[in-house]
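A quick write-up on the structure given underneath.
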Amino acid sequence: MLDIKWMRENREALAKAMRDLNAEDAPWERALALDEERRALMTQVEALRAERNTGSKQVGQLFKEKKADEANALKERMSQIGNEIGEIDERLRVVDAEFSDAMLRIPNPPEPDVPVALDESGNVPVKEWGAKPTFDFEPQAHWDIGEKLDIIDIERGTKISGSRFYVLKKAGARLQRALSNWFLDVHISEHGYEEIYPPFMVREQTMVGTGNLPKFGDVLYRDAEEDYWLIPTAEVPVTNLYRDEIIEPGRLPIYHVAATPCFRREKVSAGRDVRGIKRVHQFQKVEMVKFVEPATGRDELESLTRNAEELCERLGLPYRRLAIATGDLSFVAAIKYDIEVWAAGCGEWLEVSSCSLFRDFQARRANIRYRPEEGARPDYVYTLNGSGLALPRIIIAILENYQQADGSVVVPEVLRPYMGGLAVIR
RNA sequence: GGAGGGAUGGCCGAGCGGACGAAGGCGGUGGUCUUGAAAACCACUGUGGCAGCAAUGUCACCGGGGGUUCGAAUCCCUCUCCCUCCGCCA
Numbered sequence: 035m036l037d038i039k040w041m042r043e044n045r046e047a048l049a050k051a052m053r054d055l056n057a058e059d060a061p062w063e064r065a066l067a068l069d070e071e072r073r074a075l076m077t078q079v080e081a082l083r084a085e086r087n088t089g090s091k092q093v094g095q096l097f098k099e100k101k102a103d104e105a106n107a108l109k110e111r112m113s114q115i116g117n118e119i120g121e122i123d124e125r126l127r128v129v130d131a132e133f134s135d136a137m138l139r140i141p142n143p144p145e146p147d148v149p150v151a152l153d154e155s156g157n158v159p160v161k162e163w164g165a166k167p168t169f170d171f172e173p174q175a176h177w178d179i180g181e182k183l184d185i186i187d188i189e190r191g192t193k194i195s196g197s198r199f200y201v202l203k204k205a206g207a208r209l210q211r212a213l214s215n216w217f218l219d220v221h222i223s224e225h226g227y228e229e230i231y232p233p234f235m236v237r238e239q240t241m242v243g244t245g246n247l248p249k250f251g252d253v254l255y256r257d258a259e260e261d262y263w264l265i266p267t268a269e270v271p272v273t274n275l276y277r278d279e280i281i282e283p284g285r286l287p288i289y290h291v292a293a294t295p296c297f298r299r300e301k302v303s304a305g306r307d308v309r310g311i312k313r314v315h316q317f318q319k320v321e322m323v324k325f326v327e328p329a330t331g332r333d334e335l336e337s338l339t340r341n342a343e344e345l346c347e348r349l350g351l352p353y354r355r356l357a358i359a360t361g362d363l364s365f366v367a368a369i370k371y372d373i374e375v376w377a378a379g380c381g382e383w384l385e386v387s388s389c390s391l392f393r394d395f396q397a398r399r400a401n402i403r404y405r406p407e408e409g410a411r412p413d414y415v416y417t418l419n420g421s422g423l424a425l426p427r428i429i430i431a432i433l434e435n436y437q438q439a440d441g442s443v444v445v446p447e448v449l450r451p452y453m454g455g456l457a458v459i460r
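Going by the numbering used here, the first residue of the first sequence is number 35, and it counts up by one from there.
This is how it looks when you write it as structure tokens:
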């Protein structure tokens, strides 16, 4: 959510931001109009309330002085004012609700250095690391490797739960667990993050806080009877940890990391990436979330992104960093880098991390503030998050990049301690 | 799942239709006293909206929302959360 005061004073900048974002349907003009109406109604109703407050006090006073006639007359007048207040209040309620709804549907303006383009074709590779592996045989795709090694069972996943579900078995399941644990351990002991185990189901308000609702409910799973939504990422519960709180001086920055399953309906990408385990309804992900002081936002984004990249490097997986263009930016992000890992079998770059700075956009929605110093007035924090990293795409990359002619797969060195010393999956 | 009891300022806790933004206490800040500190005493001590250049004014907030009333922390409805007992359960 944006600062309405900023919006009032920066109409042109706002208009340009919405154009750049390819979000010209965002109701920002409507929000500004409703804001004006809202304030006008407020001024009216408050004046009336002030009148009634003093009047009502007099009523009591007059009764005490036994001036019943005067008291009743005044009461009558106050009753009329009460009716007027009721009417204006009614309108105010409607206007207010519409205003809030409009505000929740306006995306975050991009940072000045975000490449301007209407869609993902404008994303700019800003960095590439590692050499793509070469083979003296025809490299297989992970769905073949996984099936032959009996570590990915798509057929049975589909039998149990339907399309876009899979079963990991034996070294496959263990590889995922090893990755998840190793990621966590690196972030905790080397990068200064605190581990969080959050709920995987959250209520609507929590989804609003991170910007997943009201606009993107169609990609979420929910309980049919109760107000429970399955998290599409740990970002949701972890960011909301401090909702409606004021973080005391000296506590920032706060770094959290959580490994959770993520649930996504993938409705909008129906038909895309149906093969294998690249795009699935349930996947494991380690997510980093930061709460920081505004001035440090960009530096924190860089270090966050590095925290993710470093994992790829240590796994020996070639990757590239993409600066996401305005038109491809998520609703809440002010700037975003994607990290894509090369998968030699299907010959694709796979997105395994998205690192975003939200400025105070989420903090306003979720009302997360901090006190810059003792006694100072609270201000909104900046929030950031990034995957570090997403599974099972890393599994895909490992299987495809580390495959050998005989169909076996070499386990990257760093994972072996987490795999009971296993060096080759065969 | 059943039966009860709660939610008040940073914390504890009173209030049950007007004098309440809210007694009292604790904590915090400033001051007096003191060589210094403690104690004692005095004062101050919530957040947000709107109008205004400002001083300031005004409105709202006693878990959330709605209602009754001239007037609600106080009465009614509803939701959420917490606690106790019973049942069930990894």
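Just so it is clear, CB atoms sit at the ideal spot from N, CA and C, and this is done for glycine as well.
With 16 other Cβ atoms within 10 Å as the buried cut-off, status of residue i
i: V220; result: buried
i: W40; result: exposed
i: P331; result: In the sequence under discussion, the amino acid at residue 331 is Gly, which differs from the Pro named in the question. Burial call: buried.
i: E334; result: buried
i: E189; result: exposed
i: N87; result: exposed
i: G381; result: exposed
i: I194; result: exposed
i: S113; result: exposed
i: P143; result: buried
i: A367; result: buried
i: G305; result: exposed
i: K370; result: buried
i: V326; result: buried
Sheet register partners of residue i (DSSP bridge)
i: D413; result: Y404
i: G350; result: Answer is none; G350 lacks a bridge partner.
i: F325; result: I288, T417
i: L384; result: V375
i: Q210; result: According to DSSP, which records beta bridges pairwise, Q210 is partnered with nothing at all.
i: L391; result: I369, L418
i: E228; result: H290
i: L202; result: I186
i: I459; result: V443
i: A424; result: K319
Nonlocal neighbours in the same chain, by C-beta distance under 8 Å from residue i, ignoring five residues either side
i: A75; result: The residue asked about is misnamed: residue 75 is Leu in this sequence, not Ala. If we look at L75 and ignore the five residues flanking it on each side, its Cβ neighbours are I122, R125, L126, V129.
i: R45; result: L66
i: A175; result: R309, G310, G379, C380, E434
i: W177; result: I186, I188, R309, G310, I311
i: F365; result: P141, N142, G245, K249, F250
i: Q78; result: I122
i: Q210; result: L202, Q318, L425, P426, I429
i: E259; result: none
i: V236; result: Y262, W263, I265, V270, P271, N274
i: K50; result: none
Cβ neighbours of residue i in the same chain (closer than 7 Å, five flanking residues each side left out)
i: Q438; result: V444
i: Q92; result: L108
i: F133; result: A65, L68, D69, R72
i: R298; result: V253, P266, H315
i: A165; result: P352
i: P61; result: A136, R139, I140
Close Cβ partners of residue i (< 6 Å) along its chain, the five nearest in sequence each way excluded
i: Y436; result: V443, V444
i: N215; result: Y452
i: W163; result: Y353
i: A105; result: V93, L96, F97
Simplified DSSP assignment, three categories, for residue i
i: D187; result: strand
i: V148; result: coil
i: Q437; result: strand
i: E85; result: helix
i: K166; result: coil
i: Q318; result: strand
i: P61; result: coil
i: A357; result: strand
i: P159; result: strand
i: M76; result: helix
i: S337; result: helix
i: D153; result: coil
i: G116; result: helix
i: S197; result: coil
i: K100; result: coil
i: I140; result: coil
i: S134; result: helix
i: P173; result: coil
i: D123; result: helix
i: S90; result: helix
Report task. Ignoring anything shorter than 4 residues or poking outside the segment 230-316, list the alpha helix (DSSP H) runs there in chain order. Result -> 238-244, 269-273
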